[in-house]
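*Asks:* Can you read through this structure? Questions will come right after.
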Amino acid sequence: MKCAVLFSGGKDSVYAGYVAKKEGHELSCLISIFSKNEESYMFHTPSIEKVKSQAEVMNIPLMIQETKGKKEEELEDLELAIKNAIEKYGIECIITGAIQSVYQASRIQKICDKLKIKCLNPLWQKDETEYLSELIENKFKVIITAVAAYPLDKSWLGREINEKYLDDVKVLHEKYKIHVAGEGGEFETFVLDCPLFERPLKVKDKKISGEDNAWRMEIELE
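Each residue of the sequence shown is one higher than the one before, counting from 930 in this note's numbering.
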């Protein structure tokens, strides 16, 4: 099927696209929602504008839709973006990186039903530890760009998701119920390299802001 990936630049949306492509689907375009609301329940915001660089190294067209991020209005903006992708690229399906968030998945499914296209969630209900192990095994280079839960702090920003990370986060899961894959919004990520990229991206500079257990890292790429 001709598909559009609902694309944030984080590990879940990139990996969902990777899995869908392996299953034989065509990645016709990427749809990124630029939300002005940093607390959006629907859309990832740290370093979102850097998806342009990712789309370039993936050699896939990128469609950007801006939204003020008001709770239900942002869904109207998403619907508009999907309509545009149907018209421009003839897509038959939306791919999402939803793992456990019924809030996100149900709303996207509702839009797809309305527009009479399919919705694929390749990571849905996937075991979180198994998922991260697959990411590492498939040579995904992923860094943490935001944290928003105790006891995660500033020191986690920029960390790469690797075996050491997996060991550390499992301990936090046991002790504090931190979701290993960050599905509860505990952290956000950015993909610097993966098999879908023609070349890796490199961080040139970073700007960190926040306090206590809520920190963000905006990155500049080379």
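Quick reminder that beta carbons are idealized off the backbone N, C-alpha and C, glycines included. Quick caveat: nothing in here was measured; it's all calculated off a predicted structure.
Excluding five sequence neighbours on each side, which residues of the same chain lie with their C-beta closer than 7 Å to the C-beta of A1078?
*Replies:* Hits under 7 Å: I1107, E1115 and N1142.
*Asks:* Rounding to the nearest angstrom, what Cα-Cα distance links K1045 and K1017 in this structure?
*Replies:* Using only the alpha carbons, I get a separation of about 16 Å.
*Asks:* Just how far apart, CA to CA, sit C958 and K931?
*Replies:* Distance between the alpha carbons of C958 and K931 is about 9 Å.
*Asks:* Taking the alpha carbon of E1092 as the reference point, which residue from K940, D1042, A1034 and E1066 has its own alpha carbon closest?
*Replies:* Taking only the C-alpha atoms, the option nearest E1092 is E1066.
*Asks:* From this set, Y1094, G1139, E1021 and K1083, which residue's C-alpha is nearest L1061's C-alpha?
*Replies:* The shortest C-alpha separation from L1061 is found at Y1094.
*Asks:* Which first and last residues belong to the alpha helix (DSSP H) in which L1064 is found?
*Replies:* It spans E1057 to E1066 - the alpha helix (DSSP H) in which L1064 sits, taken as one unbroken run.
*Asks:* Taking only three categories from DSSP, how would you classify Q1054?
*Replies:* It is coil, neither helix nor strand.
*Asks:* In or out: V1031 buried (at least 16 other Cβ within 10 Å) or exposed?
*Replies:* Classification for V1031: exposed.
*Asks:* Please state whether the Cβ-Cβ distance between V1071 and K940 is less than 7 Å.
*Replies:* The answer is yes: Cβ separation under 7 Å.
*Asks:* Return the CA-CA distance between A1034 and I1020, expressed in angstroms with no decimal places.
*Replies:* Using only the alpha carbons, I get a separation of about 19 Å.
*Asks:* So, for F1126: in the same chain, excluding its five sequence neighbours on each side, which residues have a beta-carbon less than 7 Å away from its beta-carbon?
*Replies:* So the qualifying residues of the chain are V986 and M987.
*Asks:* Once DSSP output is grouped into helix, strand and coil, what is the label at S961?
*Replies:* S961 falls in the strand class under three-state DSSP.
*Asks:* Let me know the secondary structure DSSP gives G946 once reduced to three states.
*Replies:* If DSSP states are grouped into helix, strand and coil, G946 belongs with the helices.
*Asks:* Give me the DSSP bridge partner(s) of C1022.
*Replies:* C932 and K1047, per the DSSP bridge assignment.
*Asks:* From which residue to which residue does the beta strand (DSSP E) around K1136 run?
*Replies:* Note, K1136: beta strand (DSSP E), V1132 to E1140.
*Asks:* Could you say which of V1120, D1134 and K1135 lies nearest to R1128 if we only look at CA atoms?
*Replies:* Minimum Cα distance to R1128 is reached at V1120.
*Asks:* Closest to K1055 by CA distance: which of R1088, A1110 and I977 is it?
*Replies:* The shortest Cα separation from K1055 among R1088, A1110 and I977 belongs to A1110.
*Asks:* Provide the residue(s) that pair with R1213 in DSSP beta bridges, ordered along the chain.
*Replies:* Residue 1213 is absent from the structure shown; the chain starts at 930 and stops at 1151.
*Asks:* Restricting to Cα atoms, I'd like to know which of F1069, G946, W1144 and K979 is closest to L962.
*Replies:* Here the sequence assigns Ile to residue 962, which means Leu is not the residue at that position. Answer by Cα proximity: K979.
*Asks:* Between which residues of its own chain and H954 is the CB-CB distance below 6 Å, once the five residues before and five after are set aside?
*Replies:* Taken in chain order, the residues that qualify are M930 and C932.
*Asks:* With burial defined as no fewer than 16 other Cβ atoms inside 10 Å of the residue's Cβ, what is the status of E1003: buried or exposed?
*Replies:* E1003 comes out buried.
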